[in-house]
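Right, one structure below, let's go through it.
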Ligand SMILES: NC(=O)C1=CN([C@@H]2O[C@H](COP(=O)(O)OP(=O)(O)OC[C@H]3O[C@@H](n4cnc5c(N)ncnc54)[C@H](OP(=O)(O)O)[C@@H]3O)[C@@H](O)[C@H]2O)C=CC1
Ligand SMILES: O=C1O[C@H](COP(=O)(O)O)[C@@H](O)[C@H](O)[C@H]1O
């Protein structure tokens, strides 16, 4: 890597401490970021030494393999500038930049537009000869279609689309990347990856966490905006996309957009067949007693924000017509369990009842472990002819593999200029388009309540075809 500068705006915040700095520290330890200078920028009037101490503490708490000797080398990369998000104050960064410089907006989302403008006005969006300038934007990108479009316009005043890297950290997760590799680097899957052989797809991201310290943000966002619009829509489009003609960033993103464009539009009339929302009430998780969402500190009294959202999406194309895709995510559920589960259709020929042990499933497990499971029927040992379900498990990593965290992966991609794992504006736009009728319908009314520590609201069953069942979160997870 040639001399490069990474400026983190919002360097005093939680994301910087918990995720960005630990990722940068590990990349440095692996020797993957030689010549990288990291400049923190925030409104606190800190000295460089103070910032160093702040990051030192953060790494001791959040970097799993923290080593004092490594820290001594890493800290030399750090620098700090204090100031507001205004062009005249940002100008103090000028002498710290390299020809290759990247600005990371680790800021509250309402400040993304203003920060991009101020950086542009300071002249930082103009790539110098022989160098480049990039802008990394955290999620969420807008709160609905109109605000996302307005933010894009504002950013495009100074920045070209090619310079903007919109983060969705799920695209940096190993299982997400493995989904592409597994689908397109194995010969056997493609012929059966279609409506003729697949009955349904369930994408679940279940969390035991509640709203935690994020009440102000979450109570305005809700599960649909926080998880479905971005992360789960990405998992969905990667599962359903056509094989790309190349692994070029634009081709991959074209294919993902094509999936979103093919979703059968949800309308005001059909919302209830396509979407269910829930909110956790008091309950127990193991022996822990948990309060309901409305009693969480910082949540508006009587809030109707959903902490669980489930969708039924249908894709109207040759490959997928007739296959429902069920997506759901929620907080305070029975366990931390996440997967993409693909169910195959019944075998066409007659088989003895005793042999039939259920349809095949292929499961891309994301949490608690990363693994691919193929559920098949095999003969039960014994003199009687009977079948039983068997799982062929392919753990994603072997003990010798070193796994990368999502932020390590995405920072490397961003610094290397690979845009494949970042969202192009039309992906964001189409995800908002698909969900707009749901957002509108949910402006009124109340979510269905579910006890903390449960599988979510019972009403989620109404999204399913009569012969489908939601896979159990509690049975599968680690909760
Ligand atoms: N934290 C997380 O786990 C994750 C966060 N994100 C995203 O990362 C971004 C940052 O989140 P997070 O770090 O948690 O947020 P924090 O609120 O912890 O930090 C935000 C940063 O922005 C600064 N800031 C706030 N208001 C202003 C202002 N008016 N002018 C200048 N600077 C300001 C804060 O400075 P000060 O400390 O002085 O207020 C702080 O440095 C968000 O977009 C979030 O959605 C994404 C995934 C996970
Ligand atoms: O973006 C978000 O993701 C997390 C879940 O992702 P994980 O990688 O931390 O498991 C979610 O808890 C949070 O609400 C959401 O903002």
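Numbering (the numbering used here), first residue to last: 155 to 633.
Yeah, the Cβ is synthetic: ideal placement off N, Cα and C, and Gly gets one too.
Looking at the structure shown, is residue i part of a helix, part of a strand, or coil, going by DSSP?
i, result
"residue 369", "helix"
"residue 276", "coil"
"residue 404", "helix"
"residue 613", "helix"
"residue 346", "helix"
"residue 549", "strand"
"residue 243", "helix"
"residue 360", "strand"
"residue 380", "helix"
"residue 618", "coil"
"residue 633", "The pLDDT assigned to residue 633 is 41, lower than 50, so where the model puts this residue is not dependable; a value taken from the coordinates is nonetheless given after this. Coil at residue 633, not helix or strand."
"residue 228", "helix"
"residue 521", "strand"
Per the DSSP calculation, residue i is bridged to which residue(s)?
i, result
"residue 194", "162 and 234"
"residue 531", "543"
"residue 641", "The question about residue 641 has no answer, for the chain in this structure spans 155 to 633."
"residue 634", "Lying before the first or after the last residue shown, residue 634 is absent from the chain, which here runs from 155 to 633."
"residue 355", "479 and 496"
"residue 674", "With the chain represented from 155 up to 633, any question about residue 674 goes unanswered, as that position is not in the structure."
"residue 443", "438"
"residue 467", "479"
"residue 602", "432"
For residue i, tell me which candidate among the options has the shortest Cα-Cα distance.
i, options, result
"residue 423", "591, 522 and 308", "591"
"residue 547", "555, 557, 529 and 540", "529"
"residue 241", "230, 279 and 537", "279"
"residue 515", "521, 495 and 311", "495"
"residue 618", "543, 538 and 427", "427"
"residue 522", "478, 627, 267 and 319", "627"
"residue 485", "532, 450, 511 and 456", "450"
"residue 287", "460, 206, 295 and 276", "276"
"residue 318", "444, 269, 334 and 355", "269"
"residue 202", "229, 369 and 377", "229"
"residue 607", "595, 629, 597 and 593", "629"
"residue 417", "470, 378 and 615", "470"
"residue 541", "509, 324 and 262", "509"
"residue 282", "248, 299, 300 and 599", "248"
"residue 506", "539, 621 and 436", "539"
"residue 256", "274, 262 and 264", "274"
"residue 362", "623, 490, 266 and 552", "490"
"residue 310", "234, 293, 324 and 289", "289"
"residue 403", "360, 394, 221 and 575", "575"
"residue 436", "526, 322, 392 and 603", "603"
Taking 7 Å as the line, does the beta carbon of residue i fall inside it for any heavy atom of ligand 1?
i, result
"residue 521", "no"
"residue 443", "no"
"residue 265", "yes"
"residue 164", "yes"
"residue 262", "yes"
"residue 366", "no"
"residue 495", "no"
My guess is that residue i and residue j are in contact by the Cβ rule of under 8 Å, so how many angstroms apart are they, rounded?
i, j, result
"residue 252", "residue 382", "Actually they do not touch by this definition, with Cβ atoms about 39 Å apart."
"residue 320", "residue 291", "5 Å"
"residue 389", "residue 346", "Not quite, the Cβ-Cβ distance comes to about 20 Å (not below 8 Å), so this is no contact."
"residue 565", "residue 181", "7 Å"
"residue 323", "residue 561", "7 Å"
With a threshold of 7 Å (Cβ to nearest heavy atom), would residue i be considered close to ligand 2?
i, result
"residue 387", "no"
"residue 168", "no"
"residue 174", "no"
"residue 363", "yes"
"residue 334", "no"
"residue 380", "yes"
"residue 323", "yes"
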